[in-house]
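S.K.: I have a structure I would like to understand better, so I am pasting it below and will then ask my questions one at a time.
Protein chains: 2
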Amino acid sequence: MTDFATTKSMFHLPEGVLYLDGNSLGPLPKSAAKRVESMLKDEWGQMLITGWNKAGWMGMPTGLGDRIGRLIGAEPGSVVVGDTLSIKVYQAVASALELNPTRRVVLSDNGNFPSDLYMADGLLRSLGPDYELRVVDPQDVAEHITEEVAVLMLTEVDYRSGRMHDMKALTELAHANGVVTVWDLAHSAGAVPVDLSGCNADFAVGCTYKYLNGGPGAPAFIYVAPRLSGKVRPALSGWLGHEAPFAFDLDYRPGAGIERMRVGTPPVIQMAALSAAMDIWDMAEMADVRAKSIELTELFIARVEATCPDLSLASPRDPAQRGSQVSFHFDEGYAAMQALIARGVIGDFRAPDIMRFGFTPLYIDEGDVEQAAQILADIITNKLWDKPEYKIRQRVT
Amino acid sequence: MTDFATTKSMFHLPEGVLYLDGNSLGPLPKSAAKRVESMLKDEWGQMLITGWNKAGWMGMPTGLGDRIGRLIGAEPGSVVVGDTLSIKVYQAVASALELNPTRRVVLSDNGNFPSDLYMADGLLRSLGPDYELRVVDPQDVAEHITEEVAVLMLTEVDYRSGRMHDMKALTELAHANGVVTVWDLAHSAGAVPVDLSGCNADFAVGCTYKYLNGGPGAPAFIYVAPRLSGKVRPALSGWLGHEAPFAFDLDYRPGAGIERMRVGTPPVIQMAALSAAMDIWDMAEMADVRAKSIELTELFIARVEATCPDLSLASPRDPAQRGSQVSFHFDEGYAAMQALIARGVIGDFRAPDIMRFGFTPLYIDEGDVEQAAQILADIITNKLWDKPEYKIRQRVT
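Protein sequence lines correspond, in order, to chains L and X. Position 396, counted from 1, in the first sequence is what our numbering calls 782; the numbers after and before it change by one each time, with no gaps. Position 387, counted from 1, in the second sequence is what our numbering calls 773; the numbers after and before it change by one each time, with no gaps.
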């Protein structure tokens with residue numbers, strides 16, 4: 387059993403703050419500052435260039451990849467860390483398209499991150515006018531999976547509502563139609579159990595600064611199914627993905643397996659912070675995290691619905707259909723969220739009217755949820771955002 | 387006048403090490419650990435998600451870009467930091483190609499970084515069989531600049547020999563032939579004066595972990611000439627390059643000017659370390675750095691040629707044709723470099739036979755160069771690499 391009291395004690399959580407925005411940026415692991423300091427002083431400072439081998443910097447992208455892989459049902463050696471999520475989306479979609487060279491359609495939905503759609507759109511424009519990014523409503527995805535589609539690019543958990551796609555069913559349907567899949571796990575990794583191997587997924591990508599707590603600008607990760615990684619020509623053919631990076635050959639030859647999805651020099655300082663976060667994740671089982679997450683979200687929904695009738699649930703009511711967040715529609719949502727933040731409850735707002743709250747069992751417990759719901763009730767019941775002096779007096783600095 | 391004694395005192399240089407590999411990875415600025423610790427504890431730890439605005443993380447890529455821009459003759463607002471150099475090469479070449487849509491050839495040379503060639507090759511393969519990466523000998527570049535060429539992609543300073551291209555002349559010739567230019571400044575930024583604006587350069591890219599001392603995996607930078615940045619459709623169309631990233635529109639609209647070359651979430655921890663390095667650069671004038679660099683390289687060449695007749699200069703003899711490094715051919719170069727490193731003089735080796743030494747006036751002075759040359763002479767004269775016990779007894783740990 388995961389010991390959540392211990393994991394909570396391993397994060398720095400500022401006094402007077404109830405942090406329900408770990409789905410945007412996770413909090414600081416207490417050990418991160420020391421870990422990074424040691425990386426700077428003992429490794430960079432003392433070893434200089436030799437740190438790439440002596441301190442093991444070169445192996446960090448795959449080492450961290452495997453630790454993340456455990457949380458998402460990935461086979462060892464199938465995940466590598468690097469770049470940003472946008473770049474990894476581009477790399478995955480470009481590589482997936484090359485595995486399906488006669489087709490021209492990338493299918494996605496309007497519940498996907500706009501950033502993923504932008505990257506795919508940019509890629510397809512480069513490839514030529516025959517290519518099409520087809521964006522449908524989330525509930526219509528299945529019926530649009532046809533033999534015309536080259537790549538299905540979806541985010542499993544909707545960033546606004548928390549609605550989850552059925553990864554296994556859609557992947558099966560995609561394969562039955564000869565479609566290659568790219569799953570974005572930005573709101574899944576560390577939030578819900580993912581079974582990439584069991585779903586027979588092809589490509590997956592995700593970020594490490596949200597539920598994984600790797601810090602602002604922490605690198606992304608990419609998964610390629612072992613049955614595919616030897617066949618992929620990485621569109622972003624970088625030198626660290628070369629079979630022999632230090633031979634400095636003029637011609638590119640892709641490295642073995644997942645190594646070929648590496649591109650340029652990985653961000654060692656960011657990876658040091660991420661490794662401190664993964665130490666905490668190493669103590670956690672996703673089944674426990676999921677069970678606790680459902681308790682917390684159910685509790686929050688019950689409290690808010692009991693006290694704030696003007697808020698209407700924007701997330702699926704069935705926890706099995708929902709990620710680790712809860713969203714409510716509220717016309718005054720933006721102002722109410724500002725007031726809430728001024729009172730120390732940090733959630734966020736997504737246009738046009740969504741108040742969004744993330745639940746992260748590693749450091750949020752029932753007591754936090756009860757308190758946050760109480761403060762929310764106070765703000766909504768008394769329309770505190772209307773009081774001009776309010777935010778100034780109460781602002782958390 | 388740049389005060390090099392002061393700048394030297396601002397770096398941590400390990401006891402007993404003469405570091406002539408700052409062209410691979412610069413050393414640790416003494417203030418970097420504190421800066422990063424403060425970013426972690428006071429910003430990430432206390433501000434959490436609000437750090438993006440309150441701590442100014444969102445503005446760091448352009449703020450750092452302008453500080454780097456001063457060193458490379460870039461107009462304010464024309465440089466942005468992010469991603470890796472490989473990604474920035476891809477982005478620059480892809481964007482440059484779109485400005486020249488009727489042509490299909492990218493011209494480069496075999497003195498370029500293989501990694502740049504890999505990225506361009508991968509891009510051109512994606513675009514289709516009509517596209518060609520044409521790689522010629524460095525001295526033949528000018529005669530291959532024709533109206534067939536879409537993009538000229540060159541690294542100004544050869545990473546092995548230090549030979550410099552004439553950026554101004556080649557850019558002029560390129561423009562006269564309707565060719566868009568992409569200059570890689572990896573071995574130029576902080577090494578030699580660069581005048582992008584005066585050269586009328588189109589695109590430039592570079593990294594910040596070599597001469598700029600930003601740390602392992604520090605982000606890259608990209609320059610786009612102000613006259614072009616409003617016309618560029620960024621092939622890597624990421625959400626932070628969007629006109630309104632937080633509107634979460636489904637359609638991509640490029641941001642103003644250089645902002646559109648941003649892609650995903652920037653690496654805040656790496657940027658904090660880089661900002662400590664740039665504090666030192668803010669105290670330096672590139673003209674002084676160049677004058678001192680020439681003194682140091684001339685001194686090293688003179689000493690080595692006087693004491694090691696078996697080594698032959700692989701760098702241009704004329705300092706005006708040479709970057710801030712000196713390379714020698716030597717048949718036993720690999721073994722000799724290992725022995726040298728064991729004696730605390732860190733340079734590096736590049737196949738097949740090149741011993742490479744970087745000279746970085748911010749923290750290397752005449753005394754260091756004299757000492758390094760003496761140790762090299764001892765090793766070469768006495769063939770110390772042949773003594774099996776040697777490395778073990780003398781190894782710097």
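The beta-carbon is built from N, C-alpha and C at its ideal position, and this holds for glycine as well. The model shown is predicted, which means the values in this text are computed figures rather than measured ones.
1. CB-CB under 7 Å to Ala441/X, same chain, minus the five flanking residues each way: which ones, in chain order?
2. So which residues of chain L does Leu457/X contact, with C-beta pairs closer than 8 Å?
3. Please check if any C-beta of chain L sits within less than 8 Å of the C-beta of Ser395/X.
4. Pick out the complete alpha helix (DSSP H) segments inside the stretch 415-454 of chain L, 4 residues or longer, and give them in chain order.
5. For Val475/L, collect the residues of the same chain with a Cβ closer than 6 Å to its Cβ; drop the 5 residues on either side in sequence, then sort them by chain order.
6. Output needed for Ala763/L: all residues of its chain with C-beta closer than 7 Å, excluding positions within five of it in sequence on either side, in chain order.
7. Return the residue from the list Ile761/L, Gln724/L, Phe745/L and Gly744/L that minimises the CA-CA distance to Asp772/L.
8. Quick check on the burial criterion: 16 or more other C-beta atoms within 10 angstroms. Buried or exposed for Leu626/X?
9. So is Gln525/X buried or exposed if we call it buried at 16+ other beta carbons inside 10 Å?
10. Check whether the stretch 733-741 of chain L and the stretch 389-399 of chain L are in contact - that is, three or more C-beta pairs closer than 8 Å.
11. Taking its Cβ as the centre, do 16 or more other Cβ atoms sit within 10 Å of Gln789/X, making it buried, or is it exposed?
12. Using only the alpha-carbon positions, how far apart do Glu518/X and Val491/X sit?
13. State the CB to CB distance for the pair Ser583/L and Ala460/L, rounded to an integer number of angstroms; the pair is presumed to be in contact (CB under 8 Å).
14. Have a look at the DSSP bridge pairing and note the partners of Leu485/X.
15. Rounded to whole angstroms, what's the CA-CA distance from Glu756/X to Asp407/L? Just pull it up for me.
16. Identify which residue in Asp570/X, Val527/X, Asp696/X and Leu748/X has its Cα closest to the Cα of Asp665/X.
17. Please check if any C-beta of chain L sits within less than 8 Å of the C-beta of Gly641/X.
18. Distance, Cα to Cα, Val521/X vs Tyr545/X?
19. Under 7 Å Cβ-Cβ, which residues of chain X neighbour Trp430/L?
20. Give the single residue among Tyr609/L, Ile765/L, Gly709/L and Arg648/L whose Cα lies nearest to the Cα of Phe743/L.
21. With the cut-off set at 8 Å, would you say Val422/L and Ala606/L are in Cβ contact?
22. Let's test the definition: count the other Cβ atoms within 10 Å of the Cβ of Ser698/X and tell me whether it reaches 16, buried, or not, exposed.
23. Anyone know if the C-beta pair for Ala536/X and Leu614/X falls short of 8 Å?
24. Can you tell me where the alpha helix (DSSP H) with His530/X in it begins and where it stops?
25. When burial is assigned at 16 or more other CB atoms within 10 Å of the CB, is Leu636/L buried or exposed?
26. Residues of chain X with CB closer than 9 Å to the CB of Leu513/L, please, in chain order.
27. Between the stretch 435-452 of chain L and the stretch 675-683 of chain L, are three or more C-beta pairs nearer than 8 Å?
28. Under a three-way DSSP split, which group does Ile778/X fall into?
29. Taking 6 Å as the limit between beta carbons, can you name the residues of its chain near Asp581/L, skipping five residues before and five after?
30. Answer with yes or no whether the minimum CB distance from Asn496/X to chain L is below 8 Å.
31. Using the beta-carbon of each residue, which ones in chain X are nearer than 8 Å to Ile666/L?
32. So what's Val618/L in DSSP terms, helix, strand or just coil?
33. With a Cβ-Cβ cutoff of 8 Å, do Ile531/L and Val565/L count as a contact?
34. Answer with yes or no whether the minimum CB distance from Tyr504/L to chain X is below 8 Å.
35. Determine the burial state of Asn599/L: buried for a count of at least 16 other Cβ atoms within 10 Å of its Cβ, exposed for fewer.
36. Closest to Leu457/X by C-alpha separation, out of Phe632/X, Tyr597/X and Glu558/X, would be which residue?
M.R.: In brief:
1. For Ala441/X, where only same-chain residues beyond five positions count, the Cβ hits under 7 Å are Glu429 and Met433.
2. Here the premise fails: no neighbours, minimum Cβ distance about 20 Å.
3. no
4. 418-424 and 437-440
5. Asp502, Met505 and Val591
6. Thr693 and Cys694
7. Gln724/L
8. buried
9. With fewer than 16 other CB atoms across the displayed protein chains lying within 10 angstroms of its CB, Gln525/X is exposed.
10. No, the stretch 733-741 of chain L is not in contact with the stretch 389-399 of chain L.
11. The first residue shown for chain X is 387 and the last is 783, placing residue 789/X beyond what the model contains.
12. Cα-Cα distance, rounded: 5 Å.
13. 6 Å
14. Leu485/X pairs with nothing; no bridge assigned.
15. Per the coordinates, the alpha-carbon of Glu756/X lies some 57 Å from the alpha-carbon of Asp407/L.
16. Leu748/X
17. So no, Gly641/X is outside the interface.
18. 16 Å
19. Leu414, Gly601 and Pro602
20. Gly709/L
21. no
22. exposed
23. no
24. Val527 to His530
25. Here Leu636/L is exposed. Its C-beta has fewer than 16 other C-beta atoms within 10 Å.
26. Ser512, Leu513 and Gly514
27. Fewer than three beta-carbon pairs drawn from the stretch 435-452 of chain L and the stretch 675-683 of chain L are found closer than 8 Å, and the two stretches are therefore not classed as touching.
28. For Ile778/X, the pLDDT reaches just 40, beneath the cut-off of 50, and the residue's location in the model is therefore unreliable, leaving the point undetermined.
29. Taken in chain order, the residues that qualify are Gly459.
30. yes
31. Taking a Cβ-Cβ threshold of 8 Å, none of the residues of chain X is close to Ile666/L; the smallest such distance is about 15 Å.
32. Val618/L sits in coil when the DSSP states are folded into three classes, being neither helix nor strand.
33. yes
34. yes
35. buried
36. Nearest option by C-alpha distance: Tyr597/X.
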